[in-house]
Amino acid sequence: NRYTIVKDEL
Amino acid sequence: MNIFRLLGDLSHLLAIIILLLKIWKTRSCAGISGKSQILFAIVYTTRYLDLFTTFISAYNTFMKIIFIATSLATVFLMYVKFKATYDHNHDTFRIEFLILPAFVLALLINHELSPVEVLWTFSIYLESVAILPQLFLVSKTGEAESITSHYLFALGSYRGLYLFNWIYRYYAEDHYDLIAIVAGLVQTVLYCDFFYLYITKVLKGKKLQLPA
Chain A
1 NRYTIVKDEL
Chain B
11 MNIFRLLGDL
21 SHLLAIIILL
31 LKIWKTRSCA
41 GISGKSQILF
51 AIVYTTRYLD
61 LFTTFISAYN
71 TFMKIIFIAT
81 SLATVFLMYV
91 KFKATYDHNH
101 DTFRIEFLIL
111 PAFVLALLIN
121 HELSPVEVLW
131 TFSIYLESVA
141 ILPQLFLVSK
151 TGEAESITSH
161 YLFALGSYRG
171 LYLFNWIYRY
181 YAEDHYDLIA
191 IVAGLVQTVL
201 YCDFFYLYIT
211 KVLKGKKLQL
221 PA
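So the sequences go chain by chain: A and B. Residues 1 to 10 in our numbering are what the first sequence spells out, letter by letter. Residues 11 to 222 in our numbering are what the second sequence spells out, letter by letter.
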């Protein structure tokens with residue numbers, strides 16, 4: 001799930 | 011978290027610290043584009059709206075708050091506290107020419123047409139070009155102080171290191187995000203000319219001076 005994966009980047 | 015991303019984040023943090031220290035110690039923001047700093051403040055405030063909705067880690071929350079706070083602090087120092095030293099005659103880039111296309115593009119190309127997602131996408135697109143007013147200012151005056159060059163190098167390295175992070179994640183986690191990758195590539199390419207001058211001149215103790 002992109003939401004949890006990419007949103008962890010700054 | 012991998013080493014490229016950690017180094018990227020640290021490099022980003024270093025850039026911000028260099029800039030704030032330069033302004034604070036010299037009591038001057040000469041040579042710094044206020045327009046770029048406004049764009050970065052918009053980038054972080056629109057991207058980190060998820061601070062209110064999603065918790066990822068203490069590291070993530072801490073860095074997001076630091077990036078928002080320091081970008082607002084920089085704008086405050088430039089436009090309020092040290093306003094008299096601000097180089098507004100040379101800082102003439104029209105930021106609406108970056109903000110509006112970034113917003114339209116975010117409405118057209120995104121992962122999901124929801125307010126938070128569109129604003130996140132907008133911030134990614136805007137960040138990729140946010141340094142243009144600063145590069146324009148340097149090209150207009152024809153030179154940059156060493157400390158400004160160090161700031162630009164640290165800031166440019168940050169997204170460059172993120173490119174390696176994305177390559178790593180593609181192979182190790184089978185994960186990739188084309189919006190972030192393409193925008194990150196554009197962002198890094200914009201710094202290439204500057205990187206060349208930084209390595210060939212500034213690191214050899216010379217001032218960054220553009221050929222006439």
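Think of the CB as a built atom: it goes at the ideal place given N, C-alpha and C, for glycine as much as any other residue. Note that the coordinates shown come from a computational prediction; the quantities given were computed from them, not determined experimentally.
For residue i, write down the residues that DSSP places opposite it in a beta bridge.
i: Ala154 of chain B; result: B:Leu218
Check residue i in the structure and name its three-state DSSP category.
i: His185 of chain B; result: coil
i: Asp8 of chain A; result: coil
i: Ile26 of chain B; result: helix
i: Gly44 of chain B; result: helix
i: Tyr69 of chain B; result: helix
i: Phe103 of chain B; result: coil
i: Ala51 of chain B; result: helix
i: His121 of chain B; result: coil
i: Ala140 of chain B; result: coil
i: Phe92 of chain B; result: coil
i: Cys39 of chain B; result: coil
Whose CA, out of the options, lies closest to the CA of residue i?
i: Ser159 of chain B; options: B:Leu24, B:Met11 and B:Asn12; result: B:Leu24
i: Cys2 of chain B; options: B:Ala164, B:Tyr96 and B:Phe50; result: Only positions 11 to 222 of chain B appear in the structure, and residue 2 of chain B is not among them; the question remains open.
i: Leu200 of chain B; options: B:Glu137, B:Thr102 and B:Thr84; result: B:Glu137
i: Ser167 of chain B; options: B:Glu155, B:Phe132, B:Tyr206 and B:Ser133; result: B:Tyr206
i: Tyr89 of chain B; options: B:Glu127, B:Ile33, B:Tyr135 and B:Tyr54; result: B:Ile33
i: Ile52 of chain B; options: B:Arg15, B:Ser156, B:Glu106 and B:Gly18; result: B:Glu106
i: Ile26 of chain B; options: B:Ile191, B:Phe163 and B:Pro143; result: B:Phe163
i: Leu10 of chain A; options: B:Leu220, B:Leu49 and B:Tyr58; result: B:Tyr58
i: His100 of chain B; options: B:Leu49, B:Pro111, B:Ile42 and B:Thr55; result: B:Ile42
i: Leu108 of chain B; options: B:Leu30, B:Leu142 and B:Leu173; result: B:Leu142
i: Phe113 of chain B; options: B:Thr56, B:Val85, B:Thr102 and B:Ile76; result: B:Thr56
i: Leu110 of chain B; options: B:Tyr135, B:Glu127, B:Asp187 and B:Thr102; result: B:Tyr135
i: Ser21 of chain B; options: B:Ile48, B:Gly44, B:Thr71 and B:Phe77; result: B:Phe77
i: Ile157 of chain B; options: B:Leu17, B:Leu30 and B:Asn175; result: B:Leu30
Whole angstroms are fine: how far does the CA of residue j sit from the CA of residue i?
i: Lys91 of chain B; j: Ile28 of chain B; result: 18 Å
i: His98 of chain B; j: Ser46 of chain B; result: 12 Å
i: Leu218 of chain B; j: Asp60 of chain B; result: 39 Å
i: Asp184 of chain B; j: Glu153 of chain B; result: 43 Å
i: Leu82 of chain B; j: Met73 of chain B; result: 14 Å
i: Val212 of chain B; j: Ala116 of chain B; result: 37 Å
i: Ile189 of chain B; j: Gly215 of chain B; result: 38 Å
i: Thr210 of chain B; j: Thr63 of chain B; result: 46 Å
i: Glu155 of chain B; j: Tyr181 of chain B; result: 40 Å
i: Phe14 of chain B; j: Phe50 of chain B; result: 22 Å
i: Tyr208 of chain B; j: Leu220 of chain B; result: 11 Å
i: Tyr161 of chain B; j: Thr80 of chain B; result: 14 Å
i: Lys35 of chain B; j: Lys93 of chain B; result: 15 Å
> Between the stretch 113-123 of chain B and the stretch 139-148 of chain B, do three or more beta carbon pairs fall short of 8 Å?
Replying inline: no
>> Count Cβ pairs between the stretch 63-79 of chain B and the stretch 193-200 of chain B that sit closer than 8 Å; are there 3 or more?
In response: no
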